[in-house]
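If you read the protein sequences in the order shown, they are chains E and G.
Note that the UniProt record's numbering gives residue 311 to position 311 of the first sequence, counting from 1, and the numbers run on in steps of one.
Note that the UniProt record's numbering gives residue 346 to position 346 of the second sequence, counting from 1, and the numbers run on in steps of one.
In what follows, a single structure is set out as structure tokens and then discussed.
There are 2 protein chains.
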Amino acid sequence: MNKQDNILIIGAGLCGSLLALRLAQRGYKVSVYESRPDLRTVDISAGRSINLALSDRGFKALRLAGVAEKAREICIPMYGRLIHDIKGNTFSSNYSGRDNECINSISRGDLNAILLTEAEKHENVTIHFNKKCTSVNIENTIAHFKDYHTKEEFSINSDVIFGTDGAGSVLRKSYYLERKFLFSYSQNYLSHGYKELEIPADKKGNHQISNAHLHIWPRGAYMLIALPNMDGSFTVTLFLSYDEGEYNFDNLTSEEKITEFFETQFPDALKLIPNIKEEFLNNPTGALGTVKCSPWHYKNKTILLGDAAHAIVPFYGQGMNASFEDITVFDAVLNENLGDWETVFKTYEKARKHNTDAIADLALDNFQEMKNHVANPLFKEKRILEMALEKEFPEEYFSKYSMVTFKDDIPYAVAMKKGRAQDKALLNLVADADFKQTDNLRNLLKKVQEETNEILQEDEIAGL
Amino acid sequence: MNKQDNILIIGAGLCGSLLALRLAQRGYKVSVYESRPDLRTVDISAGRSINLALSDRGFKALRLAGVAEKAREICIPMYGRLIHDIKGNTFSSNYSGRDNECINSISRGDLNAILLTEAEKHENVTIHFNKKCTSVNIENTIAHFKDYHTKEEFSINSDVIFGTDGAGSVLRKSYYLERKFLFSYSQNYLSHGYKELEIPADKKGNHQISNAHLHIWPRGAYMLIALPNMDGSFTVTLFLSYDEGEYNFDNLTSEEKITEFFETQFPDALKLIPNIKEEFLNNPTGALGTVKCSPWHYKNKTILLGDAAHAIVPFYGQGMNASFEDITVFDAVLNENLGDWETVFKTYEKARKHNTDAIADLALDNFQEMKNHVANPLFKEKRILEMALEKEFPEEYFSKYSMVTFKDDIPYAVAMKKGRAQDKALLNLVADADFKQTDNLRNLLKKVQEETNEILQEDEIAGL
Chain E
1 MNKQDNILII GAGLCGSLLA LRLAQRGYKV SVYESRPDLR TVDISAGRSI
51 NLALSDRGFK ALRLAGVAEK AREICIPMYG RLIHDIKGNT FSSNYSGRDN
101 ECINSISRGD LNAILLTEAE KHENVTIHFN KKCTSVNIEN TIAHFKDYHT
151 KEEFSINSDV IFGTDGAGSV LRKSYYLERK FLFSYSQNYL SHGYKELEIP
201 ADKKGNHQIS NAHLHIWPRG AYMLIALPNM DGSFTVTLFL SYDEGEYNFD
251 NLTSEEKITE FFETQFPDAL KLIPNIKEEF LNNPTGALGT VKCSPWHYKN
301 KTILLGDAAH AIVPFYGQGM NASFEDITVF DAVLNENLGD WETVFKTYEK
351 ARKHNTDAIA DLALDNFQEM KNHVANPLFK EKRILEMALE KEFPEEYFSK
401 YSMVTFKDDI PYAVAMKKGR AQDKALLNLV ADADFKQTDN LRNLLKKVQE
451 ETNEILQEDE IAGL
Chain G
1 MNKQDNILII GAGLCGSLLA LRLAQRGYKV SVYESRPDLR TVDISAGRSI
51 NLALSDRGFK ALRLAGVAEK AREICIPMYG RLIHDIKGNT FSSNYSGRDN
101 ECINSISRGD LNAILLTEAE KHENVTIHFN KKCTSVNIEN TIAHFKDYHT
151 KEEFSINSDV IFGTDGAGSV LRKSYYLERK FLFSYSQNYL SHGYKELEIP
201 ADKKGNHQIS NAHLHIWPRG AYMLIALPNM DGSFTVTLFL SYDEGEYNFD
251 NLTSEEKITE FFETQFPDAL KLIPNIKEEF LNNPTGALGT VKCSPWHYKN
301 KTILLGDAAH AIVPFYGQGM NASFEDITVF DAVLNENLGD WETVFKTYEK
351 ARKHNTDAIA DLALDNFQEM KNHVANPLFK EKRILEMALE KEFPEEYFSK
401 YSMVTFKDDI PYAVAMKKGR AQDKALLNLV ADADFKQTDN LRNLLKKVQE
451 ETNEILQEDE IAGL
């Protein structure tokens, strides 16, 4: 590997554009091909505004590339969940007991634009839009493309190919179809899909409900969430089964049934979504899938990064953060000066894969937590205790959510293992009423720590 | 659905031929297409003799189809593991504390032949060999084939298609490639492959080592196993990493290195395998994969059964048994008279899928147990205790292995959940030295049961 290698990146989404920027900063020659038009020049105001949660792991990678402050300017901090019950009552649940720990609502498009613009400032980067990758010959590192405008088909021959082409990755599909090696691969869909709706800004352009929270309407079998946008609107997402239960995407096909569903299940939200019927009937229903695979690379020739390697469901707000953290980890491996791309790729996957597997599983867990548990009395009591522990012992206690979201020095796999044990310890303490409200917090902390360690130890023995 | 429906079964392996037999017994019209030649007419003595473990779940399905006794005649019962250490010392570990509970070594080919012959006794069954399915049009239930002899390509149009075409199922691949629905799918390979070798019979045609055991040479990173055949030989299987460790398939390429490997690691086995070098160099290295997917069916048109729906690794000896149990469960669903194939298929998957997922996971666990744990002192002590409990309380205590293997009335998923909790309880008791050898067994049983229930309860609370 040397700086004269021709590097091809397939996909200029969030991960691909940050990768291009970082590789350019390190002096590599990078060509990026993206299937969609340049989102900085096309009017997408008619489309939907999609926002994502940016948190510490994402910021760490953005800092590495020198763009964290630019991103910060378009962030809306959210300090906790605001939970709406069926009667319209709300209660809040902080994400952390430490002040200033928050997640951030950010526009996917605006952040992507920042990254593209920064990457293009480097002479050694070229970005080509409207070029759809159709397949990759992995043995000869040749990628085949089709131009959306001219319909012309062409091929790019390069030394190394990075596939950052998202959950539907064409490079990954080529791994599966070419069968040149044993490719472990999974795509798993939830029985729920999602649909995006909008709460517009009020007449003054302000947010109609708190913009310092992520809003949740948990209803067990389904839920609604809302994240604020800079223009005063909220992007609302409904998560609902395709075909099970009284209400589902298959049977919500008439205006009457849609109205009935929202009137009975989300009455306070309904009042804020003026175009509910049009939006519900016209906006597409999206699928929720988890993708895992291995190996991510083929010889010294190709590698998958970001969603292409590990697409996850959105319920931990970690999809973008995990993809950005890929860049942090990959960059650290490059620092080791391992000499050849194959060793770099192997070392990277070995360091990274168990952590992306973990966040995939955590994100699935959180679907249950968000649509169900947040309204469960035992769970609520546990969260109150955790917040008290974090507030009192900000350097000693970290909830699973805090480890995943705010502790970018704790790998996802460690956060999962320790966090699950800690959750189990706390929930069983609360369920047993095995602690006294009068007990001081220091004793409680000690008890939780002891129980957590015992659980980890017993699991260790059971796993021999 | 009615008895005049034309049913096409793709694949006449163990699952397909038992399915054909059972559907014929119920009065259905069945055509079976198989890619390989008729194993009853082709001389396969030059090939390898492959044997499998047949146990209670398998027998239950064979009884349903009236062929259990025919199968019993070609069984060699194995009552436990015989474990060989690196110095050639052996110790045995029974599969059960109850007398007469055993698993059976049986020839795949001979059992398949029995099923084919029984199926063909029915006028409403036709079986076609050397016809390779190349793809399936699932919307129009048209399967495309190629004849291996004539090279002719042809298509079969039927009312319903059953895919029993094994781990590499063409019907399943058509689900993936046609993208007519959200198809959750995973194929996961172990980092280990396998290679088959042979211990021949002695000059009198007798077995050279105990034929009442499944032999294991556990070495941590790899292992050898051997199952007896009716002709006095043993089929030996080496499980070894492709590319990790001092010895692996990638570096065992010279006769010297192969001999060194067996001389240092399996000296007693080496003496019994006269053609080690030829066999090692000429026999293929097989991959070990787990396949899960969902949904198994498409509308009222097609369904996957057996390995095509749920291929598993061989370490629990349950692959064939799970496929046969598919037939038991499917037959019970047919008894419900649900009226149409789509309802039958949905009902079947709902009843069955969580159980085949469970046996897939259990089989992966058992790889660790066989190559590693069986030689671990803690594990050995646990097994001794379990055998004592089963012997003393044959109606009250069932190890995880016993529940999976001998209790065909306990679904795999229940056996996994309860068995794992029980293993954890026992291992932690043994590790804590938290029990007295002098304690009577009744007290120990009570303690294990209490701990097991507590573990299950705490898990329940942690899962809310």
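Note that CB positions come from ideal geometry on N, CA and C, so glycine has one too.
Residue-level contact check: Q187 of chain E touches chain G, since one or more beta carbons of chain G fall below 7 Å from its beta carbon. Taking 7 Å as the cut-off, the beta carbon of I327 of chain G is found no closer than this to the beta carbon of R57 of chain G.
Between F330 of chain G and Y348 of chain G the beta-carbon gap is near 5 Å, inside 8 Å, which marks them as a contact. In the structure shown, F345 of chain E falls within a helical segment according to DSSP collapsed to helix, strand and coil.
Excluding residues up to 5 positions away in sequence, Y189, L190, H192, G193, Y194 and V313 lie with their Cβ nearer than 7 Å to the Cβ of L288 of chain E in the same chain.
Look at the beta carbons and you see the stretch 242-256 of chain E not touching the stretch 201-217 of chain E: under three pairs across the two are nearer than 8 Å.
Counting only runs of at least 3 residues, the stretch 197-277 of chain G fully encloses the following beta strand (DSSP E) elements, listed from N- to C-terminal order: 213-218, 223-228 and 234-241. In this model, G220 of chain E and N94 of chain E are separated by some 21 Å (Cα to Cα). Just measuring C-alpha positions, the residue of G:I74, G:L14 and G:P274 sitting nearest G306 of chain G is G:L14. Of all residues in the stretch 163-185 of chain G, only L182, F183, S184 and Y185 come within less than 8 Å of chain E when Cβ atoms are compared, listed by chain position.
With a cutoff of 7 Å on beta-carbon distance, A20 of chain G and A119 of chain G are scored as near each other. Here I258 of chain G has L252, I276, K277, F280 and L281 as same chain residues with Cβ atoms under 8 Å from its own Cβ, once five neighbours each way along the sequence are excluded. Close CB contacts of C102 of chain E within its chain, under the 7 Å cut and outside five residues either way in sequence, are with P77, M78, Y79 and Y95 (chain order). With fewer than 16 other Cβ atoms inside 10 Å of its own Cβ, S92 of chain G counts as exposed.
In this structure, DSSP gives N300 of chain E a state outside helix and strand, which the three-state scheme calls coil. Contacts with chain E (Cβ-Cβ distance below 8 Å) from the stretch 419-432 of chain G involve R420, D423, K424, L427, N428 and A431, listed in chain order. In terms of Cβ geometry, T356 of chain E and I161 of chain E do not form a close pair [threshold 7 Å]. Fully enclosed alpha helix (DSSP H) runs of no fewer than 4 residues occupy 341-371 and 377-392 of the stretch 331-404 of chain G, in order along the chain. Distance from the Cα of L224 of chain G is smallest, within the candidate group G:R98, G:D85 and G:K3, for G:D85. Cβ atoms of E34 of chain G and I127 of chain G come within 8 Å of each other, at about 7 Å.
In this structure, DSSP gives F91 of chain E an extended state, which the three-state scheme calls strand. A287: these are the residues of the stretch 283-311 of chain G whose beta carbon lies less than 7 Å from some beta carbon of chain E, given in chain order. Closer than 7 Å to the CB of E458 of chain E there is at least one CB belonging to chain G.
Annotated as proximal: L272 of chain G and Q208 of chain G, with beta-carbon spacing under 7 Å.
R420 of chain E carries a helical assignment under DSSP once its states are collapsed to helix, strand and coil.
Below the 8 Å Cβ cutoff, chain G contributes L378, K424, L427, N428 and A431 as neighbours of I461 of chain E, in chain order. By DSSP's assignment, V125 of chain G forms a beta bridge with G:V30. In the three-state scheme derived from DSSP, where H, G and I count as helix and E and B as strand, K3 of chain G is classed as coil. Bridge partners of G163 of chain G according to DSSP: G:I10 and G:L304. When C-alpha distances from Q25 of chain E are compared across E:N124, E:A309, E:L111 and E:D423, the shortest belongs to E:N124. Taking the Cα of N112 of chain G as reference, the smallest distance to any Cα among G:I142, G:D165 and G:L39 is reached at G:L39. Nearest Cα to N372 of chain E within the set E:N335, E:H354, E:S210 and E:F239: E:F239.
The Cβ-Cβ distance between A358 of chain E and Y412 of chain E falls below 7 Å.
Each residue's CA atom was taken as its position, placing N100 of chain G and G339 of chain G some 42 Å apart. Within the same chain, and ignoring the five residues on either side of V30 of chain E in sequence, the residues whose Cβ sits closer than 7 Å to its Cβ are I7, I9, A20, L23, A24, N124 and V125.
The secondary-structure analysis by DSSP pairs A287 of chain E across a beta bridge with E:G193.
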